[in-house]
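Participant: The numbers in the sequence shown follow the working numbering, run straight up by one, and end at 85.
Don't be surprised by glycine CBs; every beta carbon is placed ideally from N, CA and C.
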Amino acid sequence: MTIRLNRPALVSTLAVGALSLSLAACAGMGAREGTYTQKLDALMADCEARGGILTPTGAQSASPERDYVCEISGLPSSRTR
């Protein structure tokens, strides 16, 4: 006795299986530390509090700490004089 599967049914079954696996992977990621925008806003506030200007580095990553640098111009601090 040979069981022959219908090709569209097999493709549909595989597609549903792949979708459910990808959804399970996304659901299992857990809570995140914050969005890119939230991290960027915090970085900008910290930089401005120190009297600096946030400047892009040219990098494009998932971390604003790598994508931006705080440039502080003016007199050096008393520790370096």
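From Asp50 to Thr17, what distance separates their C-alpha atoms?
Facilitator: So the alpha carbons of these two residues sit roughly 51 Å apart.
Participant: At which residues does the beta strand (DSSP E) containing Thr59 begin and terminate?
Facilitator: Note, Thr59: beta strand (DSSP E), 57-60.
Participant: Between Glu75 and the rest of its own chain, which residues show a CB-CB distance below 6 Å, the 5 nearest in sequence each way excluded?
Facilitator: Correct list, in chain order: Gly56, Ile57, Thr59.
Participant: Please list, in chain order, all residues of the same chain as Asp71 whose beta carbon is under 7 Å from its beta carbon, the five residues on each side excluded.
Facilitator: These residues qualify, in order along the chain: Pro60, Thr61, Ala63, Gln64, Ser65.
Participant: Compare the C-alpha of Pro68 against each of Ala53, Met48, Gly78 and name the closest.
Facilitator: Residue Met48 is the option with its Cα nearest to Pro68.
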